[in-house]
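One structure below.
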Amino acid sequence: MKSVAVIGGGISGLSAAYYLHRSYSDLDIKVYEPADRPGGVIQTTVNDGFLVEDAADNFITTTPDAVELAEELGLADDLIKPSDSGRQACVLSRGRLRPIPPGFIIMAPSRIWPFLTSRILSGWGKLRAAGEVFVPKRRVASDESMESFVCRRFGREMFERLVQPLIGGIYTADPKLLSLAATMPRFSQMEQEHGSLIRAMLKQKKTGTRESSGGARYSQFMTLRGGMSKLVDSIIEKLPANTLQLQTPARAMIPLDNGRWALRVGRASNEWTHVDGVVVATPAHVSSDLVNSFDRRLADELGSVNYASCAVVSLGYRRKQIGVPLNSFGFVVPLIERRLILSCSYSSVKYEGRASKDHVLVRVFIGGACQANLLQLPEDQLMELAEWELSDLMKIQGAPVMRIIKRHMRTMPQYHVGHLNRIRDIDRRTQNWRCLQIAGSALRGVGVPSCIKSGREAALKIVQELSSRQPALSYASESLA
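Residue numbers for the sequence shown follow this note's numbering, so the first one is -19 and each next one is one higher.
Listed below in structure tokens is the structure:
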């Protein structure tokens, strides 16, 4: 019987295990996870009647992998869309929460009148942004940072007041370093094909579906009734017994002359386990340590992926405590406002079943690449900071009836300028080793669907190699003695 080890029991590793099991009928699969529970950052808990997500609370459907997997797992009836009411987001603008203009998509308006009548930008800021149609397209084919691209085409005010907080809400990144090509290449393509993003958006509106919400396109998101952990639990139910090995880190891996792999797993064991293939589905810095013994250049490339951290503070209130209308799904906060939070999501407004009718669940995000110093604060102070900011911005009276915090340290990969070159180098190095695949959020997408896709593609490539008679490409780099 052939055997494959999946290193990492987050959603990427579990997806790889699921698709390995589904695609290869006679395969011994083991998932090695150092933590005491699977799922990585995906975890749903119920606290005092509030359904709380530690990290991701939904997934985008334009990348269909999460929806398709949920349907395969029998969860089609549990897929739910955001509420029909409040399908808009707000942005903090000079101390006030204002709706993001309808039709504004990440960094460009598709509807001119709502953008021009919005009070988020000054008159000059709107004039400069509207002048984007006259800005010549860039003729250099190299990668460009998100900040450089938006400021060049729309001006700094629109970048600081609208684009930066929206990008920060997705990637918790420093836009001075964030690669446009690796994160949102379609906007660069619009520039090259149409000469203007505004012109491209208006053409698309004539031929495509009109998106009425501003900022995030909420019609393109879904979640699971009962929480995101249901996806993790359902995958595990489909795997053979003893597939998942919790509290069992992979400490070392070495390629053998016969094309197989030797792994040392467990916290204290010095024994080696031999397998036919390996899917490494860990954060890039962990993956770097694992491959360093046999491919230092691959290790260097993986180790060069930077990560940001954040804290998620979930707060439950009685609805009557909140002094502003809950007519949106939340708000983002520009750095220029000099506040201490990145964004706030009205979880129970966005999705049903997150709180009782008389209560509201909100989630506050703190930290990210641009405010990393805040994460040095103790958890009690971070929760107090979140409460203080919401009391001011949402006119909340009194203390929350529930509060919980979750720190996510070095969990958000940062796709800096040049990231696509790094991906190509990692792919080339990985191809030198038979039945080795890299999965996870470090390379090709940070959302749940992208992680599932990376696990599925890694699994299918392993199956293809196992099914072929390709000669071994790897050679042992050190003795197992």
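Cβ atoms here follow ideal geometry from the backbone N, Cα and C, with glycine treated the same way.
Please give me, in chain order, every unbroken run of the alpha helix (DSSP H) with length at least 4 that falls completely inside the region 377 to 434.
399 to 410, 421 to 424
Measure the C-alpha to C-alpha separation of threonine 189 and proline 82 and round it to an integer number of angstroms.
At threonine 189 the pLDDT is 47, less than 50, meaning the model places this residue with poor confidence; the figure from the coordinates comes in the next sentence. Roughly 14 Å separates the two Cα atoms.
Put glutamate 191 into one of helix, strand or coil per three-state DSSP.
Residue placement at glutamate 191 cannot be trusted, given a pLDDT of 47 that sits under 50; the coordinates are not used to answer.
For the beta strand (DSSP E) containing lysine 337, name the first residue and the last one.
Looking at the DSSP string, lysine 337 is not in any beta strand (DSSP E), and its letter there is neither H nor E.
Helix, strand or coil, according to DSSP, for threonine 43 in the structure here?
coil
If I measure Cβ to Cβ from arginine 108 and keep anything under 8 Å in the same chain, skipping five residues before and after, which residues do I get?
Taken in chain order, the residues that qualify are Phe134, Gly135, Glu137, Met138.
In angstroms with no decimal places, state the Cα-to-Cα distance between glycine 207 and threonine 24.
6 Å
Starting from the C-beta of methionine 181, find all residues in its chain whose C-beta is less than 6 Å away, skip the five residues before and the five after it, and write them out in chain order.
Ala88, Ser90
Specify, as a first and last residue, the run of the beta strand (DSSP E) that isoleucine 234 falls within.
230 to 235
If you count every other CB in all the chains shown that lies within 10 Å of the CB of threonine 97, and 16 or more means buried, which is it?
exposed
Assign glutamate 33 to one of three DSSP states: helix, strand, or coil.
strand
Measure the beta-carbon distance from glycine 296 to phenylalanine 30 and round it to whole angstroms, keeping in mind my assumption that it falls under 8 Å.
5 Å
Give me, in chain order, the residues of the same chain whose beta-carbon lies closer than 8 Å to that of arginine 409; leave out the 5 immediate sequence neighbours on both sides.
Asp275, Arg277, Leu278, Glu281
How many angstroms separate the CA atom of aspartate 58 from the CA atom of leucine 204?
Straight-line spacing of the CA atoms in aspartate 58 and leucine 204 works out to 5 Å.
Please name the residue in Glu445, Lys433, Glu437, Ile442 whose C-alpha comes closest to that of threonine 43.
It is Lys433.
Is it the case that the Cβ atoms of alanine 438 and valine 259 are separated by a distance below 8 Å?
In terms of Cβ geometry, alanine 438 and valine 259 form a close pair [threshold 8 Å].
Can you tell me the Cα-Cα spacing of valine 115 and cysteine 350, whole angstroms?
Roughly 29 Å between the two C-alpha positions.
Give the secondary structure of valine 304 by DSSP, where H, G and I count as helix, E and B as strand, and everything else as coil.
In the structure shown, valine 304 falls within a coil segment according to DSSP collapsed to helix, strand and coil.
Near histidine 254, what residues of its chain come up, given a Cβ to Cβ distance below 6 Å and the 5 sequence neighbours on each side ignored?
Arg240, Ala242
Can you say whether lysine 330 is buried or exposed, counting buried as having 16 or more other CB atoms within 10 angstroms of its CB?
buried
Which residue comes first and which comes last in the beta strand (DSSP E) that contains arginine 247?
Neither: arginine 247 is in no beta strand (DSSP E) and is coded neither H nor E.
Pick out whichever of Asp256, Ala230, Leu101, Pro235 has its Cα sitting closest to the Cα of serine 249.
Ala230
Touch check for the region 67 to 86 and the region 118 to 132: three-plus C-beta pairs under 8 Å?
no
Could you say if the region 210 to 219 and the region 340 to 349 meet the contact criterion of at least three C-beta pairs nearer than 8 Å?
no
When the Cα of histidine 399 is compared with those of Tyr198, Asp407, Pro62, Leu423, which residue comes out closest?
Leu423
Compare the C-alpha of asparagine 412 against each of Val130, Pro235, Ile178, Leu77 and name the closest.
Pro235
Taking its Cβ as the centre, do 16 or more other Cβ atoms sit within 10 Å of lysine 117, making it buried, or is it exposed?
exposed
When the distance is taken between beta carbons, is alanine 291 closer than 8 Å to isoleucine 506?
Beyond the ends of the chain as shown, which are -19 and 461, falls residue 506; an answer cannot be given.
Under a Cβ-count criterion, where at least 16 other Cβ atoms within 10 Å of its own Cβ denotes burial, should aspartate 34 be classed as buried or exposed?
buried
Compute the distance between the beta-carbons of alanine 261 and isoleucine 9, then report whether it is under 8 Å.
no
Consult DSSP for glutamine 184 and reduce its assignment to one of helix, strand or coil.
helix
In the structure shown, what three-state DSSP assignment does lysine -18 receive?
strand
So cysteine 431 and isoleucine -9 are supposed to be a Cβ contact under 8 Å. How far apart are they, rounded?
5 Å
Please report the distance separating the alpha-carbon of aspartate 6 from that of lysine -18.
7 Å
To the nearest angstrom, report how far apart asparagine 38 and phenylalanine 201 are at their CA atoms.
7 Å
When we look at the beta-carbon of aspartate 16 and count the other beta-carbons within 10 Å, is it buried (16 or more) or exposed?
A residue is called buried when at least 16 other Cβ atoms come within 10 angstroms of its Cβ; aspartate 16 does not meet this threshold and is exposed.
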